[in-house]
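Be aware that the sequence shown starts at 24, since it is given in the numbering used here, and climbs by one per residue. All remarks here apply to the structure that follows.
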Amino acid sequence: MTPKRLSPNRALSSAVVGRLKLLGLDFEPFAPKKVNVFSNEALPNLTLVVDGFQRLSDEDAYITSSEKEQTTAFFAVVGQTGTGRSAAAKYILEQWRRQRGVDDAKRFIVPVVDEMHHDDYGTFTTWLSDMSERASEITRIPAEIGIDLIQTLTNQTLTKIFANQYRGHATKYGKELRAAHPKAAFAVCLEDIPDKKYLKSTKTIFEMADTLCVCTMTPAVAATVDFEASGWNEIRLEALEGDEAAHFIAAHWEKHTEAAIPFEPEIVREAFSKRLDVIARVRALMSDVLISKLTFSPDVAWDRDAFNRALEKAEAGVP
24 MTPKRLSPNR
34 ALSSAVVGRL
44 KLLGLDFEPF
54 APKKVNVFSN
64 EALPNLTLVV
74 DGFQRLSDED
84 AYITSSEKEQ
94 TTAFFAVVGQ
104 TGTGRSAAAK
114 YILEQWRRQR
124 GVDDAKRFIV
134 PVVDEMHHDD
144 YGTFTTWLSD
154 MSERASEITR
164 IPAEIGIDLI
174 QTLTNQTLTK
184 IFANQYRGHA
194 TKYGKELRAA
204 HPKAAFAVCL
214 EDIPDKKYLK
224 STKTIFEMAD
234 TLCVCTMTPA
244 VAATVDFEAS
254 GWNEIRLEAL
264 EGDEAAHFIA
274 AHWEKHTEAA
284 IPFEPEIVRE
294 AFSKRLDVIA
304 RVRALMSDVL
314 ISKLTFSPDV
324 AWDRDAFNRA
334 LEKAEAGVP
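Shown next as C-alpha cells:
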C-alpha cells in the first residue's frame with residue numbers, strides 16, 4: 024500500500040490518538056518540540072543514546088564535583104541548528120539544580136537573554152540587574168550588596184573593565200543564595216553566543232560565584248575557541264549518521280512505550296543508512312511517517328518500499 028501525504032503540522036485525528044493509546048502513548052513521541060531553556064517547565068524525556076548527548080550523563084560527575092567543591096561549572100554546547108543545543112543546555116541546567124538541592128524551580132534564577140549581540144557589556148549589565156532583582160524577591164539580600172551593585176551597573180566609566188568590576192558582585196550574590204533557606208541559586212545560560220569574547224567575560228565574572236554557566240554556539244564560533252585552554256567543558260553535537268539515527272529512533276520509542284514500534288527495525292536502519300540528518304530533522308521525518316502509518320494503514324505491515332515512499336514524502340514537507 025502506498026502511504027498518502029500527511030502535513031507535518033496537521034492536528035492528530037481522533038483515530039490516530041486512539042491508535043497511539045493502543046500503543047501505550049498519550050502523545051506522538053517524535054513530534055518536534057522547541058525547548059525553552061529559561062522556562063520552569065521540566066525538560067521533555069531526553070534520549071541520551073547518540074552523538075554528544077551520550078556525554079551529558081558522563082558530565083554528572085563534573086557537576087557533582089563542582090557542587091561539592093563549591094566551584095563554578097562551565098559548559099560550552101556546540102552544534103549546528105537542529106542538533107539539540109537548547110535541549111542539552113536545559114538538561115545541564117536541570118541536573119545542576121537537582122545537584123544543588125534547589126527543589127523549587129521558582130527559586131532557581133536563570134535570567135532571560137532575549138537576543139544575543141556583540142555587546143557583552145550590555146548583556147551582562149542587564150543580566151546582573153535582572154538576577155539581583157529576582158534574588159531579592161526570594162531571599163533577603165543585605166542592602167549594601169544591592170546598593171553597591173546598582174552603583175557599579177550605572178557607572179559608565181567602567182565599560183572597558185566591566186568584567187573585573189562585576190566579578191565581586193556576582194560572587195557576593197552567589198554566596199547569599201548559597202546560604203538561603205529554602206535553597207536557592209542562580210545560573211547563567213547564553214544561547215547562540217556570536218563571539219568567543221562571551222566565554223572570557225563569563226569566566227571572569229562568574230568564576231568565583233559558585234554557580235553554573237552554559238553557553239551554546241555554532242561550529243563557526245567554536246572554531247575560534249581553544250576550550251581546554253579557556254577552561255570550558257565542551258559538549259559537541261553533530262548530525263546523526265545512518266546507524267545513529269536508527270539507534271535514536273528505536274531508543275526514543277522504547278523510552279516512551281513498551282509496545283513494539285510499528286516498523287521493522289532493519290527497514291528503518293536501511294532507510295537512514297546513507298543519510299546525515301540533525302536530530303530535529305530525524306524526529307520531524309519520523310513524526311510524519313508514524314502519523315501517516317497510523318492514519319492510512321494502521322493494520323498493514325509496511326515493506327521496505329512503503330516505508331521509503333513515506334519517508335520521501337515526509338522529506339518534501341520537512342525543512
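The C-beta atom is built at its ideal place from N, Cα and C for all residues, glycine as well.
Assigned exposure category for Lys195 - 16 Cβ within 10 Å defines buried:
Under the 10 Å beta carbon count, Lys195 is surrounded by 16 or more other beta carbons and is classified as buried.
List the residues that DSSP assigns as beta-bridge partners of Val291.
Partner(s): none; Val291 has no beta bridge.
Reducing DSSP to helix, strand and coil, say where Asn63 ends up.
coil
With a Cβ-Cβ cutoff of 7 Å, do Tyr114 and Leu66 count as a contact?
Yes, the pair counts as a contact, with Cβ atoms nearer than the cut-off.
By alpha-carbon positions, which one of Val305, Ser152, Tyr144 and Glu156 ends up nearest to Thr227?
Tyr144
Can you check DSSP and say which residues form a bridge with Asp300?
Leu263
Quick check: Met309 and Pro217, are their CB atoms within less than 7 Å of each other?
no
Specify, as a first and last residue, the run of the alpha helix (DSSP H) that Thr70 falls within.
Looking at the DSSP string, Thr70 is not in any alpha helix (DSSP H), and its letter there is neither H nor E.
For the structure I just gave you, are there three or more beta carbon pairs, one from the segment 274-288 and one from the segment 249-258, closer than 8 Å?
no
Neighbourhood of Gln122 by C-beta distance below 7 Å, restricted to the same chain and skipping five residues each side:
Ile86, Thr87 and Glu90
With a CB to CB cut of under 6 Å and the five nearest residues on each side skipped, what residues in its chain are close to Thr247?
Lys219
For a test of the three-state rule: what should DSSP assign to Val133, helix, strand or coil?
coil
Rounded to whole angstroms, what's the CA-CA distance from Val58 to Ile173? Just pull it up for me.
33 Å
Curious, which full-length beta strand (DSSP E) runs of at least 3 residues does the segment 226-253 contain?
Uninterrupted beta strand (DSSP E) stretches at least 3 residues long and entirely within the segment 226-253 occur at 235-240, given in chain order.
To the nearest whole angstrom, what separates the beta carbons of Phe131 and Ala208, a pair I think is in contact under 8 Å?
6 Å
With contact counted as at least three CB pairs below 8 Å, one residue from each stretch, are the segment 186-200 and the segment 152-161 in contact?
yes
Quick one: give me the first and last residue of the alpha helix (DSSP H) that Leu344 is part of.
This structure cannot speak to residue 344, because the chain is shown only from 24 to 342.
Residues that DSSP places opposite Val100 in a beta bridge
Thr239 and Ile258
Around the C-beta of Phe98, are 16 or more other C-beta atoms found within 10 angstroms, so that it is buried, or is it exposed?
buried
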